[in-house]
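Okay, structure first, notes after.
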Amino acid sequence: MSDTTDLTGRTALVTGATAGIGRAVALQLAARGAKVVAHGRDARRGDDLVDEITRGGGTARFVTADLTRSDDVLRLAAEAGDVDILVNNAGIYAFTSTAGTSAGSFDEHLAINTRAPFLLVGALAPGMAERGYGSIVNITSTAATSPAPVGAAYGASKAAVELLTRSWATEFGAQGVRVNGVSPGPVRTAGTTEMLGDNIDVLGQANLRGRVGEPEEIAEVVGFLVGDGSSYINGSVIVASGGERSSLPA
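1 is the number of the first residue of the sequence shown in the UniProt record's numbering; add one for each residue after it.
Here it is as structure tokens:
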């Protein structure tokens, strides 16, 4: 029986790869044999990631790009080259009220969280389709489907990505390209810990596991979706949130 987790010979572009979920995904894919093109903004953290992967026997290189700029996103796609796997992970989040969200902040959410994945898929998926193989995974969020009093801009940007995930699966699926998503609940990263402090553990108490997720747990789901073991999964968004509690009385 073949190893459906083996990614040897495949090249993967992971955006937002220098921290949190993206870093865990990059390490996961490299450990499975993929050549990783790691995107980020911080060259030092990018070099540290590449060094960790290469010391572990893997192959990686770092490419920086400003995802708020369309020309830089397209340059990233060009520098990545012919990739077999695309993980759209990079994102920003500001949990502010609608009145407290500036036009600039709203535009930035859409530029990084929605437009950048759109442009990367537009630039890279046709090549995958021409070669007859490809796997794209978009990191969304439970905020896309669970309304909250704050964070409407973030939730809207991720809801758009979930719709795009299903649209792209329809557009490219017949040509051998699968497009899926992972919708994490609260995950403990440097960014979420800095923003929420101890409140992140309070959020974790709301799910059936009674805790927040770890980046490596989300990376495991991504690793499954990009591998051959998920060959019959296309146009799906897997929720990794620890399980929602019922609102019905016990």
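Ideal Cβ positions, reconstructed from N, Cα and C, are used throughout, including at glycine.
Within its own chain, the residues whose Cβ lies closer than 7 Å to the Cβ of S97, once the five positions on either side in sequence are excluded, are V150, listed in chain order. A144 and E244 have their C-alpha atoms roughly 15 Å apart. Taking the Cα of T170 as reference, the smallest distance to any Cα among V14, N113, S236, E130 is reached at S236.
C-alpha of L67 to C-alpha of R23: approximately 17 Å in a straight line. By the beta-carbon neighbour count (other beta carbons within 10 angstroms, threshold 16), Y232 is exposed.
With distances taken between CA atoms, L163 lies nearest to N180 out of T11, A77, N180.
Setting aside the 5 residues that flank it on each side, S105 is surrounded in the same chain by A94, T96, A153, each with a C-beta closer than 8 Å to its C-beta; the list follows chain order. Annotated three-state conformation of S183 is strand, per DSSP.
DSSP places E214 in the coil class of the three-state scheme, outside both helix and strand. Fewer than three pairs of CB atoms, one per stretch, sit closer than 8 Å, so the region 110 to 122 makes no contact with the region 180 to 193. In the three-state reduction of the DSSP assignment, F95 falls in the coil class, being assigned neither a helical nor a strand state. In the structure shown, G40 adopts extended strand secondary structure according to DSSP, grouped into three states. Under DSSP, the beta-bridge partners assigned to K35 are T11, T59. For L86, the enclosing beta strand (DSSP E) stretches over residues 85 to 88. In the DSSP assignment, the residues bridged to V177 are G134.
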